[in-house]
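With the working numbering applied, the sequence shown covers 1 to 76. Even for Gly, the Cβ is constructed at its ideal location relative to N, Cα and C. Working notes for the structure below.
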Amino acid sequence: MKPFSLKEYLKDPSKEVITRDGRAAKIYCTNYSSSNFPIVAQIEDNNYFNLFSADGKYHRDGRDSQNDLFFATEKS
């Protein structure tokens, strides 16, 4: 897994995004009105949306979470 970066994602939105614990994450919005949490995404098997920071953090205080976003390892 590679740490998530909004700048990198915007260069190639086709990159596969997953959570720290390996669940698929689908990004719906990258410019939500909250300047600290601009990403709106849905995590696999959840029926709700979550907000994330530009570096993929789930918690507002920056601590690690199983929901943090990462780029999946690219398969060759």
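In the DSSP secondary-structure assignment, THR19 is bridged to LEU69. A direct Cα-to-Cα measurement between LYS7 and TYR48 gives close to 25 angstroms. Judged by DSSP secondary structure, TYR9 falls within the alpha helix (DSSP H) whose first and last residues are 6–11. Between ARG20 and PHE70, the gap from beta carbon to beta carbon is short of 8 angstroms.
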